[in-house]
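Student: Each position in the sequence shown, counted from 1, maps to that position plus 431 in my numbering.
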Amino acid sequence: MPSSDTGTVHIIGAGLAGLAAAVRLSAHGRTVDVHEATGQAGGRCRSYYDHVTGMVIDNGTHLLLSGNHAALEYLQAIDAEHLLEGPPSAEFEFIDLANSQRWTVRFNDGQIPWWIFDKTRRVPQTRVRDYWPLIRLMWRSGDKPLSELMPCTGPLYERLVEPLFLAALNIEPLHGSGELAGTIIRETLALGGRACRPLIAPDGIGNAFVAPALRKLRERGIEVMLQRPLHALEFDDGRVSALDFGEERTALGEHDSVILAVPAYAAAAMVPELTVPSAFRSIVNAHFRIDPPAGFPRMIGAINSTSEWIFALPGRIAVTVSDAGELLEMPRADLAALIWREVASVTGLPGELPPWQIVRERRATFAATPEENAKRPGPVTQWRNLALAGDWTATGLPATIEGAVRSGHRAAELIERTRTWTRAA
Ligand SMILES: Cc1cc2nc3c(=O)[nH]c(=O)nc-3n(C[C@H](O)[C@H](O)[C@H](O)COP(=O)(O)OP(=O)(O)OC[C@H]3O[C@@H](n4cnc5c(N)ncnc54)[C@H](O)[C@@H]3O)c2cc1C
Numbered sequence: 432m433p434s435s436d437t438g439t440v441h442i443i444g445a446g447l448a449g450l451a452a453a454v455r456l457s458a459h460g461r462t463v464d465v466h467e468a469t470g471q472a473g474g475r476c477r478s479y480y481d482h483v484t485g486m487v488i489d490n491g492t493h494l495l496l497s498g499n500h501a502a503l504e505y506l507q508a509i510d511a512e513h514l515l516e517g518p519p520s521a522e523f524e525f526i527d528l529a530n531s532q533r534w535t536v537r538f539n540d541g542q543i544p545w546w547i548f549d550k551t552r553r554v555p556q557t558r559v560r561d562y563w564p565l566i567r568l569m570w571r572s573g574d575k576p577l578s579e580l581m582p583c584t585g586p587l588y589e590r591l592v593e594p595l596f597l598a599a600l601n602i603e604p605l606h607g608s609g610e611l612a613g614t615i616i617r618e619t620l621a622l623g624g625r626a627c628r629p630l631i632a633p634d635g636i637g638n639a640f641v642a643p644a645l646r647k648l649r650e651r652g653i654e655v656m657l658q659r660p661l662h663a664l665e666f667d668d669g670r671v672s673a674l675d676f677g678e679e680r681t682a683l684g685e686h687d688s689v690i691l692a693v694p695a696y697a698a699a700a701m702v703p704e705l706t707v708p709s710a711f712r713s714i715v716n717a718h719f720r721i722d723p724p725a726g727f728p729r730m731i732g733a734i735n736s737t738s739e740w741i742f743a744l745p746g747r748i749a750v751t752v753s754d755a756g757e758l759l760e761m762p763r764a765d766l767a768a769l770i771w772r773e774v775a776s777v778t779g780l781p782g783e784l785p786p787w788q789i790v791r792e793r794r795a796t797f798a799a800t801p802e803e804n805a806k807r808p809g810p811v812t813q814w815r816n817l818a819l820a821g822d823w824t825a826t827g828l829p830a831t832i833e834g835a836v837r838s839g840h841r842a843a844e845l846i847e848r849t850r851t852w853t854r855a856a
C-alpha cells in the first residue's frame with residue numbers, strides 16, 4: 432500500500448500476533464503491509480486440508496478459556512466470536528485410564544470458589560486444605576519451578592493441577608515456571624467459573640482466527656503478502672532503514688515502522704544483541720476421521736495415558752499430547768495405533784484404526800521454565816521504529832493465543848505512540 436502521512440507499518444509474520452496488530456492498526460486507519468514467509472497465514476495456529484484423511488484439520492486443537500479477554504476481543508474485531516464454542520458453565524470432565532474412573536470438576540461462576548468446599552464439584556479424594564498451595568501461587572514473587580512452590584503429588588496434583596498446567600504451559604509442570612502458573616490462576620481460576628469456560632473452534636481454528644482476519648483486512652484494502660520471507664533488517668541512525676526480502680529491498684521512509692512478529696529464533700537472527708528463549712517444547716496431535724459417539728463430551732482430559740485431551744468434533748476425533756518430546760521419534764503408525772487404542776477404550780468405539788493423521792510440532796512453544804521465561808524481551812527495542820511481537824515476548828503469559836494476541840495489540844499501541852518510545856530496560 433502507498434505510504435501515508437503517518438507512514439506505513441510493516442508487519443513481518445502473519446501469525447496471530449502479526450494479524451492482531453494488523454487488525455488493530457488498520458481499525459485506527461493506519462496504513463499496514465503484512466509480509467508472511469510461508470504460503471499460508473496463521474503460523475502455529477492454522478487449519479489445512481489433509482489428503483490422507485480427506486479432512487480439514489488443525490495443526491493442533493486449540494483450547495481457550497473464557498477469561499482470555501484479548502483473544503475474544505480480537506475475535507469480536509474480526510466478527511468471528513460466534514465461531515468459538517463452549518459449555519454454559521466451567522466444567523471439565525476427566526478419566527483415569529489406569530482404572531476407568533471418571534470425574535467432573537465443576538467451577539462455580541462467581542469469584543468465591545465454593546466449588547472447593549463442595550465434594551460433588553471438587554476433585555475426588557481431595558480436601559479443602561489441599562487447594563491452599565494453588566491459591567498461594569498467585570502471590571509469589573520471583574520465579575521458581577513449580578516443584579519448589581507446591582506439592583506435586585497426590586490426587587489434586589494428578590487429577591487437576593498436572594493436566595491443567597501441562598496443557599497451559601506445555602511443559603511437565605514440575606519444571607514449569609511458578610510465575611506463569613500463578614498468572615494462569617490469577618487470570619482464570621481466581622476470577623471464578625465465568626473466566627474458566629473451555630472454548631474451542633469446532634469448525635477449525637483457521638476458520639475462526641485466521642480467515643475472518645484476512646477478510647477484515649481485505650475489506651480495509653490490505654492483502655497479506657504470502658511467500659515473502661524477510662531476510663534481514665537494515666539499521667541506520669537508531670532506526671530500521673530498509674527491509675531486505677532477498678531479491679527485493681524496501682527502503683523505509685521517515686515515518687515508516689516495523690513490527691517484527693516472527694518466532695523467537697527468527698527474530699534473534701535479524702535483531703542484533705536480542706536475547707530470546709532458546710529452548711522449546713513440542714506438541715503432538717492425532718486426528719481420526721470418525722463420528723464421535725452421540726452424547727460423548729466435547730472434550731475430556733485423560734490421565735495415566737499417552738492421550739491427554741480428547742476432543743469430539745464434527746466427523747472427527749482429535750487428541751492432544753503436550754510436551755511430547757519422547758513421542759517425536761516414535762513411528763507415526765505405532766503412535767496412531769497407541770492413541771487410538773486409548774480413544775477406543777474411552778469412547779467405546781471399535782478398536783479398528785480409522786483414517787488417521789499425526790501432526791508433530793517440534794517447536795510448538797518456548798519451554799516455560801523460569802530460565803526461559805526470564806529471557807523474554809519486551810516489545811521495545813533500541814531502534815525507534817521497531818517493535819517486537821509474538822507469544823515468546825514478555826507478555827507475562829505462557830505461549831498461547833491469548834499471549835500472542837496481547838503482544839500484537841501491545842506492539843500496535845507502541846507504534847501508535849512512537850514518539851514516546853524509550854529503550855527497553
Ligand atoms: C500444536 C499446537 C497446539 C497449541 N495449542 C494451543 C492451545 O490449545 N491454546 C493456546 O492458547 N495456544 C496454543 N498453542 C500456541 C499458539 O498456537 C501460539 O502461541 C500462537 O499461535 C503464536 O502466534 P505468534 O503470532 O506469536 O507466532 P507464530 O504463529 O509462530 O507466527 C509467526 C509467523 O511469522 C512467520 N515468519 C517466520 N519467519 C519469517 C520471516 N523471515 N519473514 C516473514 N514471516 C516470517 C511464520 O511463518 C509465522 O506465520 C498451540 C501451538 C501449537 C503449535
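Glycine included, each C-beta is placed from N, C-alpha and C at the ideal position. Keep in mind that this is a model prediction, so the values were computed, not measured.
Could you check the C-alpha separation between T380 and P519 for me, to the nearest Å?
Tutor: The first residue shown for the chain is 432 and the last is 856, placing residue 380 beyond what the model contains.
Student: From the DSSP output, read off the bridge partner residues of D510.
Tutor: Its beta-bridge partners do not exist; DSSP assigns none.
Student: Among the candidates P629, W814 and P786, whose CA atom is the shortest distance from the CA of G485?
Tutor: P786
Student: Can you tell which of L661, L645, H662 and A663 has its C-alpha closest to the C-alpha of V890?
Tutor: The first residue shown for the chain is 432 and the last is 856, placing residue 890 beyond what the model contains.
Student: Within the segment 595-675, note down every full beta strand (DSSP E) run reaching 3 residues or more, in order along the chain.
Tutor: Runs of the beta strand (DSSP E) lying entirely within the segment 595-675, each at least 3 residues long, are 663-667 and 670-675 in chain order.
Student: Any heavy atom of ligand 1 closer than 7 Å to the CB of V655?
Tutor: V655 Cβ: outside cutoff for every heavy atom of ligand 1.
Student: Which stretch, first to last residue, makes up the alpha helix (DSSP H) that contains H840?
Tutor: I832 to E847
Student: Going by C-alpha distance, which of W534, R763, V487 and D574 is nearest T557?
Tutor: W534
Student: The alpha helix (DSSP H) with T778 in it runs from where to where?
Tutor: R763 to T778
Student: Going by DSSP, what residue range makes up the alpha helix (DSSP H) through N804?
Tutor: P801 to N804
Student: Is there at least one non-hydrogen atom of ligand 1 closer than 7 Å to the beta-carbon of C476?
Tutor: yes
Student: So what does DSSP say about A700, is it helix, strand or coil?
Tutor: helix
Student: What do you reckon, is the C-beta of N539 under 7 Å from a heavy atom of ligand 2?
Tutor: Ligands present in the displayed structure are limited to ligand 1, and ligand 2 is not among them.
Student: For N716, which beta-bridge partners are listed by DSSP?
Tutor: T751 and V790
Student: What would DSSP say about P576, mapped onto helix, strand or coil?
Tutor: Of the three classes helix, strand and coil, the one that applies to P576 here is strand, per DSSP.
Student: Distance check for A445 and D675, CA to CA, integer angstroms please.
Tutor: 17 Å
Student: Measure the beta-carbon distance from I602 to R712 and round it to whole angstroms, keeping in mind my assumption that it falls under 8 Å.
Tutor: 5 Å
Student: Alpha carbon to alpha carbon, what distance is there between D464 and E847?
Tutor: Approximately 15 Å between the Cα atoms of the pair.
Student: Taking 7 Å as the line, does the beta carbon of G444 fall inside it for any heavy atom of ligand 1?
Tutor: Yes.
Student: Who are the near neighbours of A448 in its chain, counting only those whose CB is closer than 6 Å to its CB and skipping five residues on each side?
Tutor: Counting only Cβ-Cβ distances below 6 Å, and skipping sequence neighbours, we find A692, A820, G821, A835, S838 and G839.
Student: Which class does W823 belong to by DSSP, given the choice of helix, strand or coil?
Tutor: W823 falls in the coil class under three-state DSSP.
Student: Inspect the beta-carbon positions of D574 and N804 and report whether they are closer than 8 Å.
Tutor: yes
Student: Quick check on D464: does DSSP put it in helix, strand or coil?
Tutor: strand
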